[in-house]
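Novice:
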Ligand code: AMP
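Residue numbers (this note's numbering): 1 to 213.
1) Can you tell me whether residue 166 is buried or exposed? The criterion is at least 16 other CB atoms within 10 Å of its CB, across all chains shown.
2) State the start and end residues of the unbroken beta strand (DSSP E) segment that holds residue 80.
3) So, with DSSP's three-state summary, where would you put residue 156?
4) Considering only heavy atoms of the ligand AMP, does any lie closer than 7 Å to the CB of residue 59?
5) For the structure I just gave you, are there three or more beta carbon pairs, one from the segment 70-82 and one from the segment 18-30, closer than 8 Å?
6) Give me the residue from 18, 52, 99 with the minimum Cα distance to residue 169.
7) Could you tell me the alpha carbon to alpha carbon distance between residue 44 and residue 131, rounded to whole angstroms?
8) What I want to know is whether the C-beta of residue 170 ends up closer than 7 Å to one or more non-hydrogen atoms of the ligand AMP.
9) Give the straight-line distance between the Cα atoms of residue 33 and residue 157, rounded to the nearest whole angstrom.
10) I'd like to check one pair, residue 162 with residue 126: are the Cβ atoms closer than 8 Å?
11) Is it true that the CB of residue 210 sits closer than 8 Å to the CB of residue 15?
12) How many Å lie between residue 203 and residue 61 at the Cα?
13) Less than 8 Å between the beta carbons of residue 13 and residue 174, yes or no?
14) Between the beta-carbon of residue 191 and the beta-carbon of residue 112, is there less than 8 Å?
15) Please state whether DSSP places residue 32 in a helix, a strand or coil.
16) For residue 95, which of helix, strand or coil comes out of DSSP?
17) Is the closest heavy atom of the ligand AMP to the C-beta of residue 143 under 7 Å?
18) With a threshold of 7 Å (Cβ to nearest heavy atom), would residue 56 be considered close to the ligand AMP?
19) With distances taken from CA atoms, which of 197, 1, 91 is nearest residue 76?
20) Taking 8 Å as the threshold (C-beta atoms), are residue 196 and residue 64 in contact?
21) Applying the criterion that 16 or more other CB atoms from any shown protein chain within 10 Å of the CB defines a buried residue, is residue 152 buried or exposed?
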């Protein structure tokens, strides 16, 4: 089973993906995580990605598409959960043909619906562990020791793209480039809309109920 999470930045894709990873046999494929890892490792790809990400812009399609193709090619038999990819109609078309070449297909696309106001609150209060990616927020989910990850002891930071100016840019980019995917996947007969103002365990159950019919 291959499923895809759509939604504004801060809609809760990463948190729902965590529920999936913990409760199902599925590979979480997050292009954002892949880029952050490359940035952390200071690779050539990381440097390139950072020059876009820190401004709230999208990394060019050619770069992102090839990363996805090479991951899927390694093992097309696994179940994948796409999170943050595709983000443009061009990427969605690429994904469709890359999956078809590998004998794969998407089984469902879930649009996590939420307001701009809520995502601004969520993103500006979000903090992440630099080492393991664990997500915290300053409103109601702080680590036990300030600045130190409960899970791995890593340093907790605010992502550069979670600063106010970058959030505004990311929402603009979402509206211009990613939102058209809702219509694209509705036309493909794959789209389901879910209420992403809910907490992630409840949202995960909603998605599971739709999957199980
Ligand atoms: P995310 O963690 O999914 O919010 O991604 C963080 C940032 O990585 C985005 O704001 C983009 O700059 C970049 N990024 C992630 N996925 C993609 C993608 N599919 N296409 C282009 N850029 C991406």
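Glycine is no exception: its CB is placed at the ideal position from the N, C-alpha and C atoms.
Specialist: Looking at the coordinates:
1) Classification for residue 166: buried.
2) Per DSSP, residue 80 belongs to the beta strand (DSSP E) from 80-83.
3) Looking at residue 156 - three-state DSSP - the assignment turns out to be strand.
4) Of the heavy atoms belonging to the ligand AMP, at least one sits nearer than 7 Å to the Cβ of residue 59.
5) In short, these stretches touch, since the Cβ pair count reaches three.
6) Out of 18, 52, 99, 52 has the C-alpha closest to the C-alpha of residue 169.
7) Straight across, the Cα-Cα distance linking residue 44 with residue 131 is about 20 Å.
8) The answer is yes for residue 170.
9) If you take the alpha carbons of residue 33 and residue 157, they lie about 15 Å apart.
10) In this structure, residue 126 lies near residue 162, with their beta-carbon atoms less than 8 Å apart.
11) No, Cβ-Cβ distance for residue 15 and residue 210 is not below 8 Å.
12) Rounded to the nearest angstrom, the two C-alpha atoms are 29 Å apart.
13) No.
14) Their beta carbons are not under 8 Å apart, which means residue 191 does not touch residue 112 by this criterion.
15) In the structure shown, residue 32 sits in a helix (DSSP, three-state: H, G or I).
16) When secondary structure is reduced to three states using DSSP, residue 95 falls in the helix class.
17) No, since every heavy atom of the ligand AMP falls outside the 7 Å radius drawn around the Cβ of residue 143.
18) Yes, the beta carbon of residue 56 sits closer than 7 Å to at least one heavy atom of the ligand AMP.
19) Measuring from the Cα of residue 76, the nearest candidate turns out to be 1.
20) The beta carbons of residue 64 and residue 196 sit no closer together than 8 Å.
21) Under the 10 Å beta carbon count, residue 152 is surrounded by fewer than 16 other beta carbons and is classified as exposed.
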